[in-house]
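J.: Chains as they are written, first to last, in my numbering: chain B, 62 to 291; chain H, 62 to 291. For every residue, glycine included, the Cβ atom is placed at its ideal position computed from N, Cα and C. It should be emphasised that the depicted structure is a prediction, and the values quoted were computed from it without experimental measurement. Let me begin by handing over the structure; questions about it come next.
There are 2 protein chains.
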Amino acid sequence: MSMGWQDVRDEALRRIRSRAWEPGALIPNEADLAQELGCARATVNRALRALAEEGWLDRRRKAGTRVTLAPQRRAQLAIPLIRQQIEARGQSFGHRILIRTAEPMPPHVLALFDLPAPGPAAMRVQTLYLADDRAFALEDRWVNLDAVPSFAGADLDALCPNEWLVRHAPFAHGTLDYSAVPASAEEAAQLGCAPGAPLMILERRTYGPAAPVTYMRLAHAPGHRLRLEI
Amino acid sequence: MSMGWQDVRDEALRRIRSRAWEPGALIPNEADLAQELGCARATVNRALRALAEEGWLDRRRKAGTRVTLAPQRRAQLAIPLIRQQIEARGQSFGHRILIRTAEPMPPHVLALFDLPAPGPAAMRVQTLYLADDRAFALEDRWVNLDAVPSFAGADLDALCPNEWLVRHAPFAHGTLDYSAVPASAEEAAQLGCAPGAPLMILERRTYGPAAPVTYMRLAHAPGHRLRLEI
DNA sequence: TAGTGGTCTAGACCACGGC
DNA sequence: CCGTGGTCTAGACCACTAG
Numbered sequence: 062m063s064m065g066w067q068d069v070r071d072e073a074l075r076r077i078r079s080r081a082w083e084p085g086a087l088i089p090n091e092a093d094l095a096q097e098l099g100c101a102r103a104t105v106n107r108a109l110r111a112l113a114e115e116g117w118l119d120r121r122r123k124a125g126t127r128v129t130l131a132p133q134r135r136a137q138l139a140i141p142l143i144r145q146q147i148e149a150r151g152q153s154f155g156h157r158i159l160i161r162t163a164e165p166m167p168p169h170v171l172a173l174f175d176l177p178a179p180g181p182a183a184m185r186v187q188t189l190y191l192a193d194d195r196a197f198a199l200e201d202r203w204v205n206l207d208a209v210p211s212f213a214g215a216d217l218d219a220l221c222p223n224e225w226l227v228r229h230a231p232f233a234h235g236t237l238d239y240s241a242v243p244a245s246a247e248e249a250a251q252l253g254c255a256p257g258a259p260l261m262i263l264e265r266r267t268y269g270p271a272a273p274v275t276y277m278r279l280a281h282a283p284g285h286r287l288r289l290e291i
Numbered sequence: 062m063s064m065g066w067q068d069v070r071d072e073a074l075r076r077i078r079s080r081a082w083e084p085g086a087l088i089p090n091e092a093d094l095a096q097e098l099g100c101a102r103a104t105v106n107r108a109l110r111a112l113a114e115e116g117w118l119d120r121r122r123k124a125g126t127r128v129t130l131a132p133q134r135r136a137q138l139a140i141p142l143i144r145q146q147i148e149a150r151g152q153s154f155g156h157r158i159l160i161r162t163a164e165p166m167p168p169h170v171l172a173l174f175d176l177p178a179p180g181p182a183a184m185r186v187q188t189l190y191l192a193d194d195r196a197f198a199l200e201d202r203w204v205n206l207d208a209v210p211s212f213a214g215a216d217l218d219a220l221c222p223n224e225w226l227v228r229h230a231p232f233a234h235g236t237l238d239y240s241a242v243p244a245s246a247e248e249a250a251q252l253g254c255a256p257g258a259p260l261m262i263l264e265r266r267t268y269g270p271a272a273p274v275t276y277m278r279l280a281h282a283p284g285h286r287l288r289l290e291i
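Structure follows, in structure tokens:
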């Protein structure tokens, strides 16, 4: 026999796809499978755990392992730096800082973070990202200076805000929100499109271990596509 | 001591976040860590493997384990059925089949799948999805009848195309593409918005084990947001 | 070629949770 | 209660690859 855990996983997946193990049905327990396949129980465990993480199986102590009824597949989106997005397309990356001011977070940003007015000391930075010297996206960002004091002195011409924060402000979690909105007059001017043109907007909230770190609103130039793989 | 693998993972993550292990630096090998933490090497292996899968560590045989320089976090998007999206918001789900015809895939769809004309026998279905009896999204779909012959006789009034395919057409992989485009006259009429209004478009290609299964273009009503968690 | 992570094993004990 | 998956261990061999 000699089955490695990937072989066991493949065999189990084959039985799931071929419906030899029907959706919702109980499959043999680890010990039995190990004997049948001629390997240790730990090997079967590793394989079935992998399939459970991928959503193919539901495992519960005592209840056993069942084939998931509605396999809820997850799409994964790698969150690349804007530089990487642009360079991956073979274009040259650039950025221009348009605005950089000490400025408290506006009420709608405070509300998103569930913070009371007037909020923490903050810095606002507006950045235009360029691909081959053409506008790629317009970013408006507020950074919580209480959480990242050193941002006040960051050299943002050398390192764009996106990269600076990734390097200096380790974060715990956050949310991404994509939506489609018409371009404002300012966005249209900066991105070189008609006012009202549909833009993909990415809003991002980032939290550190304890406190909010930054809110960002990124307006992509028209034609931007977000791709996810399943 | 008595460290479980989750304790080892937490301790390692603490050292990464506190920069006790600096970005890019080599960390101790598994055997040394096991001795230091008072557990078996397999336990350390399990913990470090988990951190590597989450993107915190880069591991290579012989070269050792390093802290990832630019931790590339991945956002995960659970792909729920449209019904679940709507019901999760406390609204009632409904759908109406607008078009259902035997109709070959148009050239741009064949091109996406890299198929030569005239392509496989196919069925086109246009569906309007409703949330609380208001338009939620307009779907245009082609299904490859060679890959899923039984789709020709599916009762799509009982089960919307989305759910029918999830239940009957096990798939291997696919892509999701989000973009922002102006509403066409037809979309505006069906979705109850102004022509030219910005719409979030989801295009989805789904492949079975061997052949393409379906291409779908879903136009969301204005205001739709796509949220991902990190 | 030597050092590192990757994996397998046999056995053990534990935690959960149907019954 | 007691069957199931979850985990740990000590040891072993292997696969890859940097030097």
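Under 7 Å, do residue 205(B) and residue 273(B) count as touching if we go by C-beta distance?
T.: Cβ atoms of residue 205(B) and residue 273(B): closer than 7 Å.
J.: With DSSP as the reference, label residue 207(B) as helix, strand or coil.
T.: If DSSP states are grouped into helix, strand and coil, residue 207(B) belongs with coil.
J.: Should residue 240(B) go down as buried or exposed, given a rule of 16 or more other Cβ atoms within 10 Å for buried?
T.: Buried is the call here.
J.: Just to confirm, is the Cβ distance from residue 202(H) to residue 222(H) under 7 Å?
T.: Yes.
J.: Report the start-end ranges of each alpha helix (DSSP H) in the region 160–223 of chain B that is 4 residues or longer and not cut off at the edges.
T.: DSSP runs (the alpha helix (DSSP H)) wholly in the region 160–223 of chain B: 168–174.
J.: Quick one: using the 10 Å Cβ neighbour count with 16 as the cut-off for buried, is residue 126(B) buried or exposed?
T.: By the neighbour-count rule (16 or more Cβ atoms within 10 Å), residue 126(B) is buried.
J.: If you measure beta-carbon to beta-carbon, which residues of the region 234–261 of chain B are closer than 8 Å to chain H?
T.: Against chain H - using a Cβ distance shorter than 8 Å - the residues of the region 234–261 of chain B are 234, 235, 236, 237, 238, 239, 240, 241, 242, 243, 257, 258, 259, 260, 261.
J.: For residue 293(B), which of 265(B), 290(B), 71(B) has the nearest alpha-carbon?
T.: Chain B is shown only over 62 to 291; residue 293(B) falls outside these bounds and no answer can be derived.
J.: If residue 183(H) and residue 164(H) are in contact, beta carbons under 8 Å, what's the gap, nearest whole angstrom?
T.: 7 Å between Cβ atoms; contact.
J.: Could you check where the beta strand (DSSP E) with residue 104(B) kicks off and where it finishes?
T.: Residue 104(B) -> not in any beta strand (DSSP E); alpha helix (DSSP H) instead, spanning 102–114.
J.: Output the distance between the C-alpha atoms of residue 172(H) and residue 144(H), rounded to the nearest integer angstrom.
T.: Looking at the two C-alpha atoms, the distance is approximately 30 Å.
J.: Residue 286(B) versus chain H: which residues are under 8 Å apart at the beta carbon?
T.: Correct list: 238, 239, 240.
J.: Indicate, with yes or no, if the ligand FAD has a heavy atom lying under 6 Å from the CB of residue 244(B).
T.: Looking at this structure, you won't find the ligand FAD or any other ligand, since it has none at all.
J.: Quick check: the region 108–127 of chain H against the region 77–94 of chain H, are at least 3 beta-carbon pairs closer than 8 Å?
T.: Segments in contact, yes.
J.: For the candidate residues 96(B), 234(B), 230(B), 81(B), whose alpha-carbon lies nearest to that of residue 79(H)?
T.: Comparing Cα-Cα distances from residue 79(H) to each of 96(B), 234(B), 230(B), 81(B), the minimum goes to 230(B).
J.: Counting only the same chain and skipping the five closest in sequence on each side, list residues whose C-beta sits under 7 Å from that of residue 249(H).
T.: The answer, listed in chain order, is 255, 256, 258.
J.: So residue 185(B) and residue 160(B) are supposed to be a Cβ contact under 8 Å. How far apart are they, rounded?
T.: With 8 Å as the limit, residue 185(B) and residue 160(B) qualify as a contact, their Cβ atoms being about 6 Å apart.
J.: Along the chain, where does the beta strand (DSSP E) that runs through residue 280(B) open and close?
T.: Counting along the chain, the beta strand (DSSP E) containing residue 280(B) begins and ends at 273–281.
J.: At what residues does the alpha helix (DSSP H) containing residue 98(B) begin and finish?
T.: Note, residue 98(B): alpha helix (DSSP H), 91–98.
J.: My output table needs one value for residue 142(H): the three-state DSSP class, helix, strand or coil.
T.: In the structure shown, residue 142(H) sits in coil (DSSP, three-state: anything other than H, G, I, E or B).
J.: For residue 238(H) versus residue 288(B), is the C-beta spacing smaller than 7 Å?
T.: In this structure, residue 288(B) lies closer than 7 Å to residue 238(H) by Cβ.
J.: If you run the structure through DSSP and keep just helix, strand and coil, what is residue 147(H)?
T.: Note: residue 147(H) maps to helix in three-state DSSP.
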